[in-house]
Structures are given as structure tokens and as C-alpha cells.
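Structure record follows, encoded as C-alpha cells.
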Ligand SMILES: NC(=O)c1ccc[n+]([C@@H]2O[C@H](COP(=O)([O-])OP(=O)(O)OC[C@H]3O[C@@H](n4cnc5c(N)ncnc54)[C@H](O)[C@@H]3O)[C@@H](O)[C@H]2O)c1
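Numbering (the working numbering), first residue to last: 60 to 668.
Below is the structure:
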């Protein structure tokens with residue numbers, strides 16, 4: 060039995076703690092979230108994970124598992140401190156390591172003897188060195204060895220994944236410390252890979268995530284080719300998966316995932332065919348779906364000047380939480396998510412870390428408001444809008460100045476947030492001329508950002524991200540195609556949750572799809588066996604049906620967004636007779652194309668027309 064402190068009572072921390080306690084260890088969990096700890100002390104697990112409540116309660120009752128907000132109750136006397144705090148996306152796509160750094164500092168302050176510090180948070184290579192440095196600087200009396208031990212568990216099967224892992228990876232500059240961590244896992248009888256330096260173990264996690272993302276992008280690209288040559292991507296994947304060298308997992312063509320991070324009414328300066336306009340991001344996102352020849356005004360740090368550069372990706376994702384309003388000198392302001400990165404005078408910083416000591420780039424030539432644009436006789440909409448203009452405005456080439464941050468306000472927000480990826484500069488000029496950084500989903504982007512830092516351009520990783528991002532909008536393209544436009548069409552979404560058997564909406568494609576459809580003038584209805592209540596809070600403008608049949612009645616098209624089992628067993632003939640047009644876009648490939656066509660549906664799957 061070992062004495063273990065687990066830092067962070069989230070998904071990974073709590074599962075690790077409960078499982079290690081169940082294996083007979085004496086475990087104390089520390090979290091800075093008082094409410095979470097109070098709940099856990101009463102035996103309530105604050106999120107849903109099958110079997111975890113029972114495991115937590117059982118081990119808490121037998122006093123092998125305790126919860127606290129104080130490091131002093133957990134670290135002194137412990138042989139191991141396992142860091143499992145969050146690592147959200149941070150600076151320029153790299154992982155935000157501030158929580159890991161804070162946890163390391165707090166551990167150092169409470170260490171009273173030699174300690175093995177295990178990093179389980181998903182962190183890029185070289186983070187272990189940072190943790191070692193913090194520990195050494197804050198506590199010179201006691202020695203701590205840092206070990207990387209990446210976690211591979213998946214939500215929904217976390218306990219099973221922890222207790223029966225495919226492999227355990229541990230790595231450290233100190234072999235004895237790595238072996239000590241391996242000992243914790245010995246009862247699991249799983250293969251254990253001990254790497255002779257910490258960077259290798261850290262890299263295993265990032266490389267694995269990037270590889271899985273690459274498989275999904277790969278099959279999605281194959282699916283796009285399949286559609287063009289009349290091949291069936293599902294069978295192609297099945298055929299490939301039978302090869303032992305390839306294997307069947309992560310080869311499902313389907314709907315991709317999205318990025319972040321400004322509120323939709325914030326604006327950017329757009330150029331297309333020599334004409335410029337100031338457009339809200341929500342409109343840019345929408346228009347970008349049909350017209351990719353967009354440029355936006357971006358900013359180069361090296362020269363502190365602005366230039367029009369191509370937009371390579373426009374993203375939108377649902378966001379619930381506090382939005383920050385950053386106000387600066389000269390009356391500029393901008394609303395964004397707390398993790399949105401900014402280019403500051405001293406480097407890239409997240410919105411939530413900005414203070415009155417920070418300076419942001421400002422393009423003073425940029426118009427302050429839409430009125431200013433009209434006065435300059437520029438177009439206000441590029442796609443189908445008025446075509447006036449245009450004296451070319453003197454935006455490009457302008458030298459930027461620096462303005463100090465004055466104030467940061469928070470307000471609760473529930474809705475869509477947007478971002479653009481701009482080739483080369485990775486920045487764009489936004490409302491009132493303030494410059495902001497691009498912002499992207501974490502793991503693959505973080506690995507790409509790390510590579511760039513070491514002067515290597517990871518072409519394959521960039522392609523993986525691009526393909527994944529475009530994937531979700533395929534459904535919209537297919538709908539447009541089948542319905543001859545989207546305006547006034549009634550579209551029913553079968554499923555809202557991000558996967559079946561959950562009400563979880565994080566990263567759910569349904570929200571993006573619904574918003575794009577609404578923006579295009581469609582009437583959107585939805586039905587989901589579990590996630591309607593949550594969606595209602597985010598998207599009250601949707602119409603909610605009590606079942607799939609009510610959803611279909613009078614609809615022009617149905618879109619399968621989540622592959623719930625009950626959708627696989629619907630009476631399709633009954634469904635069809637009640638629809639205005641029998642169009643089914645199967646975003647999850649749950650129906651058999653030939654059967655659907657025999658029934659008289661206009662059917663489109665992903666990669667199997
Ligand atoms: N969720 C998954 O499926 C999964 C799988 C493998 C790896 N990971 C990685 O594991 C890490 C944790 O993920 P998660 O899903 O458990 O995150 P989470 O957000 O659910 O939990 C993190 C917890 O850490 C706490 N915390 C933050 N700073 C702290 C500090 N200084 N001291 C003590 N507690 C602190 C937070 O209050 C929160 O409760 C991340 O790096 C993640 O990428 C997650």
C-alpha cells in the first residue's frame with residue numbers, strides 16, 4: 060500500500076484516485092474547486108461516468124479515499140503526487156500549462172520529504188522539465204523526481220480503461236522513480252513501457268492523439284473520394300480494418316469537430332476580389348462555407364504592420380460560461396472566451412491572463428464601427444449584398460501602435476463563438492482595429508505548435524486539422540444540394556448529443572449544424588432521447604419534437620447527427636409518408652443506402668452516395 064496525493068478531481072484525477080484506492084492504496088484528492096470537493100465529501104460525483112459513484116463511495120467508506128481543498132492535508136507524508144489538472148488550449152494553440160505549474164508550486168510548498176511527482180495531465184514534451192524546475196526552485200530542502208505517465212482513458216469507459224489498459228507508459232530522467240511509478244500499476248498486469256527519458260513518454264501521448272486524428276481525417280478524405288467514384292466508404296473502411304496491420308478502430312467516416320473563440324458580432328475586415336468590407340464573424344463563418352476566396356486583414360509581429368491574407372479555416376463552436384470583455388485605451392473593446400490568445404507586447408497571452416500591464420496591437424486605420432464603413436462607401440456584404448465601392452482603403456501596410464489593457468469584465472454567455480485561421484501570420488485585425496491571435500482545438504494543434512517552435516513545419520498535422528474542420532459542413536453542403544437551397548426549408552435533426560447514451564453536448568456537431576442552418580434561413584427542429592433539455596438552454600430557437608415521427612412530419616429533410624440505437628429501428632415507411640420531401644442526410648451512416656432508396660428516400664450518407 061502506498062500513500063498517494065492526486066491533484067485535480069476531474070475526470071482523470073477522480074478516476075485515477077478511485078481506482079488506485081480500490082487497488083489498496085491510501086489516496087487523498089486535492090482540488091481548488093470548493094464546491095466539487097464539498098460534493099465529493101458527501102459522496103456525489105459531479106459528472107456522469109458509469110460506475111464511478113459506486114467506486115468513490117465504496118473506497119471513501121473504507122477510508123482509503125479522502126477529499127480536500129488543502130495541499131497540506133494531502134502532500135506531507137505522500138510517496139507520490141499525481142498531477143491531473145486541466146490543460147486547456149493556450150498560447151497560439153499550445154497547451155496552457157498554468158494549472159500544471161500552479162499545482163507543482165503548491166506541491167513544492169507542502170513537500171516534507173522525498174517525493175515522486177507524476178504528471179498525468181496531457182502535456183507537450185519538455186513540460187516535465189518545467190515541473191522539475193518549479194519544484195526545485197520552490198523547495199530546495201527535499202528532492203522530487205518527476206515522472207511522465209500519460210493517461211489514455213476514454214469518457215464513458217474510464218474505469219474499465221484504467222483497470223485494463225492496453226499499456227502503461229512511464230518515463231523519467233530518474234529510472235528508479237519511473238520504476239516506482241510502474242509498481243503502482245503492477246496489480247493491473249498490463250504491459251508497462253518504461254522510457255529512459257521523460258520526453259519520450261510525454262511524446263507517446265501527443266503522437267497517439269495525433270495519429271488517431273490522422274486516421275479520422277484519412278478516412279474522411281477517402282470518403283470524399285468514394286462519393287465521387289461511387290464507392291462505399293463504410294465497406295472500404297471495413298475492408299481496410301480486416302488487415303491486421305491497419306485494424307478497424309478510428310476509421311468511421313462522419314462529422315468532424317470544431318474550434319473557437321470570439322463572440323459572433325465582433326468584426327473583421329474582409330477582402331474579396333479587391334473589394335473590402337467590415338463583417339461580423341458570424342457572417343464571415345457563414346459565407347466562408349460557400350465561398351473560400353476570402354482574405355482578412357492580419358498582422359505581422361515582425362514588422363508590426365497589417366496585410367490581407369487568405370483565411371484557411373473559419374470555425375464555430377458552442378460555448379457556455381463566462382465571456383470576457385477586454386477594454387483598452389483609445390476606447391477599443393472585444394468580447395472573447397477566457398482562453399482566447401492575444402498577441403501582446405511581451406508575447407502571446409490568454410485573455411484571462413491579461414492585466415493592465417499588457418499592451419495589445421491596434422490598427423488605428425481600421426474603422427471604428429459599421430457606420431464608418433458606410434461613410435467610406437464600402438460594401439457591407441460580399442455575398443449577394445449591395446455591390447458598391449470602392450476606393451481601396453489604406454488598410455494594408457499600415458503600421459500598428461500598442462494600446463494598454465484597461466479593464467476586463469466577465470459576463471455569463473451561452474451561444475456560438477467563432478475564429479479564423481489565417482495563413483502565415485496566425486492573427487487577424489478585429490473590431491475597432493484590435494489585433495487578436497488565431498485559436499484552435501487542442502491536441503493536434505498543440506503538437507503542430509510545438510513543432511513550429513523547433514522550426515519544423517508539420518505538413519501532415521496541418522492537413523489532418525484542415526480535413527477534420529471541413530467535415531462537419533459536408534452535411535450542410537449535402538442538404539443544400541438535395542433541397543436546392545436552405546431558406547424556409549424545414550430540417551429535422553435526429554440526435555443532438557455528441558455521441559449516443561449521453562446528454563453531453565461538448566463539441567457536439569449538432570449545435571454548429573443547427574446554427575448554420577438557422578443562419579441560412581432554415582426552420583430547424585430536433586429530437587434527441589436525452590439531450591433536449593440541455594440543448595434548449597443553449598438553442599431556445601429550435602423547435603423540439605417528442606419523437607422521431609413528430610420530427611419528420613412536414614419536414615423537407617432529416618439529418619442523422621447522433622447514432623442513437625432507436626434511430627436504427629424506426630419505421631422508415633411511416634416516416635417517409637409524413638415528410639414534405641423524403642430527404643435523409645445520414646451523418647453517421649446508420650442506414651443501408653439501397654434500402655433507403657427502395658423506400659423512395661433521397662438518401663445521402665458520408666462517403667456512400
Ligand atoms: N477527460 C479525458 O477523457 C482525458 C483523457 C486523457 C487525458 N486527459 C487529460 O487529463 C487532464 C485532466 O483532464 P480532466 O478531463 O480530468 O479535466 P477536468 O477539467 O475535468 O479536471 C481538472 C480538475 O483540476 C482542478 N484544478 C485546476 N487547477 C488546480 C490546482 N492548481 N490544484 C488542484 N486542482 C486544480 C480543476 O478544479 C478540475 O476539477 C488534462 O490534461 C486532459 O487533457 C483527459
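Ideal Cβ placement from N, Cα and C applies to all residues, glycine included.
Within the continuous beta strand (DSSP E) that includes residue 468, where are the two ends? In the chain shown, residue 468 corresponds to position 409, counting from 1. Element bounds for residue 468: 460-481.
Taking just the CA atoms, how far does residue 344 sit from residue 588? Residue 588 sits at position 529 when you count from the first residue of the chain shown. Residue 344 sits at position 285 when you count from the first residue of the chain shown. In this structure, the straight-line span from the alpha carbon of residue 588 to that of residue 344 is close to 30 Å.
Just grab the DSSP bridge partners of residue 334 for me. On the chain shown, position 275 is the one that residue 334 refers to. Per DSSP, the beta-bridge partners of residue 334 are 331.
Can you give, in chain order, each stretch of the beta strand (DSSP E) that sits fully within the stretch 161-212 and has at least 3 residues? 174-178 and 203-207
heavy atom of ligand 2 below 7 Å from residue 411 C-beta: Here the bound small molecules are ligand 1; ligand 2 is not part of this structure.
Alpha carbon of residue 628 to alpha carbon of residue 607, nearest angstrom: For the purposes of this step, residue 628 is identified with residue 569 of the chain shown, where counting begins at 1. For the purposes of this step, residue 607 is identified with residue 548 of the chain shown, where counting begins at 1. Their backbone Cα atoms lie some 11 Å apart in a straight line.
Could you check where the beta strand (DSSP E) with residue 127 kicks off and where it finishes? The count along the chain shown starts at 1 and reaches residue 127 at position 68. Where residue 127 is concerned, the enclosing beta strand (DSSP E) stretches over 124-127.
DSSP bridge partner residues for residue 230 (one or two, in chain order): For the purposes of this step, residue 230 is taken as the residue at position 171 of the chain shown. BP columns for residue 230 point to 207 and 254.
CA-to-CA distance, residue 226 to residue 73, given in whole angstroms: Residue numbering aside, residue 73 sits at position 14 when the chain shown is read from its first letter. Residue numbering aside, residue 226 sits at position 167 when the chain shown is read from its first letter. In a straight line, the C-alpha of residue 73 is about 20 Å away from that of residue 226.
Could you spell out where the alpha helix (DSSP H) holding residue 666 opens and where it closes? As a working mapping, residue 666 is identified with position 607 in the chain shown. For residue 666, no alpha helix (DSSP H) encloses it, and the DSSP letter there is neither H nor E.
Note down, one range per segment and in chain order, each beta strand (DSSP E) of at least 3 residues found wholly within the stretch 525-602. 549-553 and 582-586
Residue 472 Cβ short of 7 Å to ligand 1 heavy atom set: Translated into positions along the chain shown, residue 472 becomes position 413. No.
Would you say residue 328 and residue 337 are within 8 Å of each other, going by their C-beta atoms? Translated into positions along the chain shown, residue 328 becomes position 269. Translated into positions along the chain shown, residue 337 becomes position 278. Against a cut-off of 8 Å, the Cβ pair of residue 337 and residue 328 comes out as a contact.
Shortest alpha-carbon distance to residue 490 belongs to which of 390, 211 and 292? For the purposes of this step, residue 490 is taken as the residue at position 431 of the chain shown. The candidate whose alpha carbon is nearest that of residue 490 is 390.
Can at least three beta-carbon pairs, one atom from the stretch 602-621 and one from the stretch 643-662, be found at a separation below 8 Å? yes
Could you name the residues of the same chain whose beta carbon sits closer than 6 Å to that of residue 554, not counting the 5 residues immediately before and after it, in chain order? Translated into positions along the chain shown, residue 554 becomes position 495. Here the set comprises 587, 620, 621 and 623.
Inter-residue CB distance, residue 215 and residue 109 (contact presumed, cutoff 8 Å): Residue numbering aside, residue 215 sits at position 156 when the chain shown is read from its first letter. Residue numbering aside, residue 109 sits at position 50 when the chain shown is read from its first letter. Yes, they are in contact, since the Cβ atoms of residue 215 and residue 109 sit about 7 Å apart, within 8 Å.
Within 7 Å: the Cβ of residue 261 and any heavy atom of ligand 1? Taking the chain shown and counting its residues from 1, the one referred to as residue 261 is at position 202. Answer for residue 261: no, Cβ out of range of ligand 1.
CB-CB under 7 Å to residue 518, same chain, minus the five flanking residues each way: which ones, in chain order? If you number the chain shown from 1, residue 518 lands on position 459. Closer than 7 Å at Cβ, skipping near neighbours: no residue.
Return yes when the Cβ of residue 364 is within less than 8 Å of the Cβ of residue 457, no when it is not. Taking the chain shown and counting its residues from 1, the one referred to as residue 457 is at position 398. Taking the chain shown and counting its residues from 1, the one referred to as residue 364 is at position 305. Yes, the Cβ-Cβ distance between residue 457 and residue 364 is below 8 Å.
Straight-line Cα distance separating residue 112 from residue 626: In the chain shown, residue 626 corresponds to position 567, counting from 1. In the chain shown, residue 112 corresponds to position 53, counting from 1. Computed Cα separation, rounded: 30 Å.
With a threshold of 16 other CB atoms inside 10 Å of the CB of residue 60, please say whether the residue is buried or exposed. One-based indexing of the chain shown puts residue 60 at position 1. Flag for residue 60 reads exposed.
Is residue 657 near ligand 1 - that is, is its Cβ less than 7 Å away from at least one heavy atom of it? Position 598 of the chain shown holds residue 657. No, since every heavy atom of ligand 1 falls outside the 7 Å radius drawn around the Cβ of residue 657.
How far does the beta strand (DSSP E) with residue 85 in it extend, from its first residue to its last? Position 26 of the chain shown, counting from 1, holds the residue named residue 85. Where residue 85 is concerned, the enclosing beta strand (DSSP E) stretches over 85-89.
List the whole-angstrom C-beta distance separating residue 65 from residue 141, where the pair is believed to meet the contact cut-off of C-beta under 8 Å. In the chain shown, counting from the first residue as 1, residue 65 sits at position 6. In the chain shown, counting from the first residue as 1, residue 141 sits at position 82. 5 Å between Cβ atoms; contact.
Where does residue 267 sit, in a helix, a strand or coil, going by DSSP? Taking the chain shown and counting its residues from 1, the one referred to as residue 267 is at position 208. Reduced to three states, the DSSP call for residue 267 is helix.
Shortest alpha-carbon distance to residue 366 belongs to which of 564, 250, 268 and 487? Position 307 of the chain shown holds residue 366. Checked all of 564, 250, 268 and 487; the closest Cα to residue 366 is 487.
Neighbour-count burial assignment, residue 288, 16 or more Cβ in a 10 Å radius: Locating residue 288 in the chain shown gives position 229, counting from the first residue. Result: exposed.
With DSSP run on the structure shown, which of helix, strand or coil describes residue 606? Position 547 of the chain shown, counted from the first residue, corresponds to residue 606. Reduced to three states, the DSSP call for residue 606 is coil.
Limits of the unbroken alpha helix (DSSP H) element including residue 513: The count along the chain shown starts at 1 and reaches residue 513 at position 454. Segment: none, residue 513 is in no alpha helix (DSSP H) and carries neither H nor E.
Contact set for residue 237: own chain, Cβ-Cβ below 7 Å, skip 5 residues either direction: Here residue 237 refers to the residue found at position 178 of the chain shown. So the list reads 206, 229, 230, 231 and 253, once near-sequence residues are dropped.
Residue 395 bridges to which residues according to DSSP? The residue given as residue 395 occupies position 336 in the chain shown. Note: residue 395 sits in a beta bridge opposite 321 and 383.
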